[in-house]
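Residue numbers (numbering that gives the first Met the number 0), protein chains in the order written: chain U, 0 to 358; chain G, 0 to 339. Beta carbons: idealized from backbone N, C-alpha and C, even for Gly. Structure first, then comments.
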Amino acid sequence: MENTPTVDQAAAAQEQISLSVLKKRWLKFKSIKRGYYAFIILITAYIISFFLPLLINNRALVVKYEGEIWFPVFQGYIAGSTFGEDVPGEANYRELKVKFKSEKGNWVIMPPYPYGPYEDVTTAGNKMYEEPGRGHWFGTDNTGRDVFSRLLYGFNISLSFAILFTIASYLIGVSIGAMMGYFGGKFDLITQRFIEIWATLPFLFVMIIISSIVRPNFFLLIVILTLFGWIGMTYYMRAEFYREKTKDYVAAAISMGQTHKKIIFKHILPNSLVPIITYFPFAVIGGIGSLVGLDFLGFGLPPPTPSWGQMVSVGLQNMVKWWMVLAPLGALFTTLLLIVFIGEAIREAFDPRVYSRLR
Amino acid sequence: MSDKQKLVDVKNLKVHFPLFGGVLSRRVATVKAVDGISFSIKRKETIGLVGESGCGKTTVGRALVAILRQLYPDVEIDGSITYNFNGKSVDFARLKPRELRKYRSKVQMIFQDPFASLNPRMTVAQIISEPLQLHTKMNDSEMKDRVGWLLDKVGLQPEQAYRYPHEFSGGQRQRVGIARALATNPDLIICDEPVSALDVSIQAQVINLMMDLQEEFGMSYLFIAHDLSVVEHIADRIAVMYLGNVVEFGESSTVYYDPRHPYSKALLSAVPRPDPHRQRESRIVLEGDVPTPLNKPSGCGFRTRCPLAEKSCAEEIPVLEEHALEHWVACPIVKEKNAG
């Protein structure tokens, strides 16, 4: 009896045979260690970066003052006078912590890294060009802001920006490319000519003109970049759809009366996912690159926002302060490297040849 | 035969594909894939459509399921295809897309290549239940039962419903394709070379399955093939096509054993017959290639290769004439010879 497989085992075996293609590719992706670990590290870091205000902040997590409990991280601005502190404007929680040590009943819990990305020399105790050390791990910059905290906040902004930009431009690019390939004929002809004209617009000049009229913010920048970024995907999707449309399963779907929308999204698109998925990481890299580039040139996010491009630009003006240059460049390098590893592993996972991997 | 028994009547069907070229995308030529053919299919009948590759067989099939317009937006279709569903005559070309969709369940198609006709990203259950979702109001458990029943009917196990097409052999996939076509109880199934991609041993299985299913459900088949021995086995009547025209049409045994048109004769003499005692007939070998449908010869399309060709053949396109009872041939020369 021992050798007789149970029903569960048979079901499990069945399931193993019937993995969908995507599941098989995911398993292959998991087997490519470098890419898989890079993926785990990046995703973990990205998720953690959403909780940065709890980890890296100049505002205290909890303050107990004269029997009352305050949560400055969530409550936002609280004047220093509330806690009996003699400072103009917002309370300085680091000093408050030192002060409360001698007072009974009052205490402050600070985040593990008690410096925020926005506080500069105007806050008491902050100095310009402080070298990396125990307080400021990566030193401070020309306005006395903490480089380490700006770096991490910048990571979240860069990655969110790049991912949103990629998703937005893929949504447009995939839909238009899919329609061009699926409907063909005059629609394809006219849209293709429009794309050719649109693609010749000089992106940087348009960007400079726009940012001289309106101060771009996070979402406006995504919109503008998307306006120019959706084109690349249409080429791939158009070709994919032209190819897939000639296959008989599409004819079968039409002959049973399926709608165009369902044929495009339910039948053909799942068979045309390869370029979308394999190019996604590299498009994210492109997105980070564009944001850094625009920030570097000064057409990107407005100044107090922690952005890597602006940090590199300020660092270049103060080359002697090596930490101001190395920190953002190192962060940029590491992030892009991780994403390249992921992209490479995805490309390999989608490669039908089994032994083509370079080791 | 009375009109009531006719399921579909094709009259003077023409399907032309324009070719565009040059800087201004002007129309430079026309591929006359189907050039004026007429035939009809009765209820519970199998029509065999045979011919060489490129003669327009598949295009006829696709015209009957009305999918040409969607696949090739530029196509020009002329003539009429009139269906007769329970006494109601329907012309797909005159329907609005929404109305057409309702009738699509009545005419289904089985495709030539079982590797391309099933969506590789869908399980067999999803593939077979798709027409059910579109044309019936079944709930999930009814649908599951129906899929299992259909799989059983085509000789597969219902447990295989949750596998993907790539886990099946060619013959099994073709069975899945048949189950999908069968799902909505169609009146007509277009079989576009359903066995030519399969092994000979499996061909016989699939053909017999199709004949059994016809016996049970009583639908009509339009059986497109280039293998005459297969068609003779399954079809009641055979139409022989050459270069977009039907050259001979008649009862299956008549066309098979007594072909009249010189092209049918040549085609049939090429069929290998596994009978060692039979006397070897002289094989008719045609000279040259099929002319391109881009630039068809004037008059009879076959005259460039025809052993009987005369001067008059170049003048007008021969029409199908009844040479014997229910045996139509498009060749005036043959008729003259038989008469004289």
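Here the alpha carbon of L149 (chain G) sits roughly 35 Å from the alpha carbon of V270 (chain G). Per the Cβ contact rule, the stretch 65–81 of chain G is not in contact with the stretch 250–267 of chain G (fewer than 3 Cβ pairs under 8 Å). Cβ-Cβ distances below 6 Å link P116 (chain U) to S148, R149, Y152 and P305 in the same chain, with the five nearest sequence neighbours on each side left out; the list follows chain order. For L133 (chain G), the residues of chain U that pass the 7 Å Cβ criterion are M255, G256 and Q257, in the order they occur in the chain. Between H232 (chain G) and I201 (chain G), the CB-CB gap reaches or exceeds 8 Å.
Rounded to the nearest whole angstrom, the CA to CA distance from A224 (chain G) to Y255 (chain G) is 14 Å. Spanning the alpha carbons of R61 (chain G) and I189 (chain G) requires a straight line of approximately 8 Å.
Counting the other Cβ atoms within 10 Å of the Cβ of S52 (chain G) gives fewer than 16, which makes it exposed. From the beta-carbon of S159 (chain U), no residue of chain G is found nearer than 9 Å; the closest lies around 31 Å away. K244, T245, K246, D247, Y248 and V249: these are the residues of the stretch 219–249 of chain U whose beta carbon lies less than 9 Å from some beta carbon of chain G, given in chain order.
Within the same chain, V62 come within 6 Å of W69 (chain U) by CB-CB distance, once the 5 residues on both sides are set aside.
The beta carbon of Y92 (chain U) sits closer than 8 Å to those of N57, R58, A59, V62, P71, V107, M109 and P113, all from its chain and outside the five residues before and after it, given in chain order.
The shortest CA-to-CA distance from Y220 (chain G) to any of G:A28, G:V14 and G:K41 is the one to G:K41.
Taking the Cα positions, L200 (chain U) is about 19 Å away from L296 (chain U). Residues of chain U with a Cβ closer than 9 Å to the Cβ of F110 (chain G) are, in chain order, D247, Y248, A250 and A251.
No residue range can be given for V22 (chain G), since it is assigned to no alpha helix (DSSP H) and is classified by DSSP as neither H nor E.
In the three-state DSSP reduction, V318 (chain G) falls in the coil class, being neither helix nor strand. Identification of residues in the stretch 55–72 of chain G having a C-beta nearer than 9 Å to some C-beta of chain U yields R61, V64, A65, I66, Q69, L70, Y71 and P72, given in sequence order. Between the stretch 181–190 of chain U and the stretch 80–94 of chain U there are fewer than three C-beta pairs closer than 8 Å, too few to call the two in contact. At least one CB of chain U lies nearer than 8 Å to the CB of N118 (chain G). Residue environment analysis places P96 (chain G) among the exposed positions, since fewer than 16 neighbouring C-beta atoms fall within 10 angstroms of its C-beta.
For Q156 (chain G), no chain U residue has a C-beta closer than 9 Å to its own C-beta; the minimum C-beta separation is roughly 11 Å. If you draw a 10 Å sphere on the C-beta of L187 (chain G), you find 16 or more other C-beta atoms in it, and that means buried. For H276 (chain G), no alpha helix (DSSP H) segment is defined, and its DSSP state is neither H nor E. Proximity of N270 (chain U) to chain G, defined by a Cβ-Cβ separation below 8 Å, is satisfied.
Selection G:V284, G:V229 and G:A32 evaluated against L18 (chain G) yields G:A32 as nearest (Cα-Cα). Under the 8 Å criterion on CB atoms, S19 (chain U) is classed as interfacial with respect to chain G. In this structure, the alpha-carbon of A124 (chain G) lies about 42 Å from that of R192 (chain U).
Each residue's CA atom was taken as its position, placing T121 (chain U) and R144 (chain U) some 10 Å apart. Annotation for M179 (chain U): D187, T190 and R237 place their beta carbon closer than 6 Å to its own, counting only its chain and skipping 5 residues before and after. Your pair R259 (chain G) and V333 (chain G) checks out as a contact, with CB atoms roughly 5 Å apart and the cut at 8 Å. According to DSSP, residue pairing for M240 (chain G) in a beta bridge involves G:V245. Contact annotation: the stretch 158–165 of chain G touches the stretch 111–124 of chain G, with at least three C-beta pairs closer than 8 Å.
Pairing L328 (chain U) with F217 (chain U), the inter-Cα distance amounts to about 21 Å.
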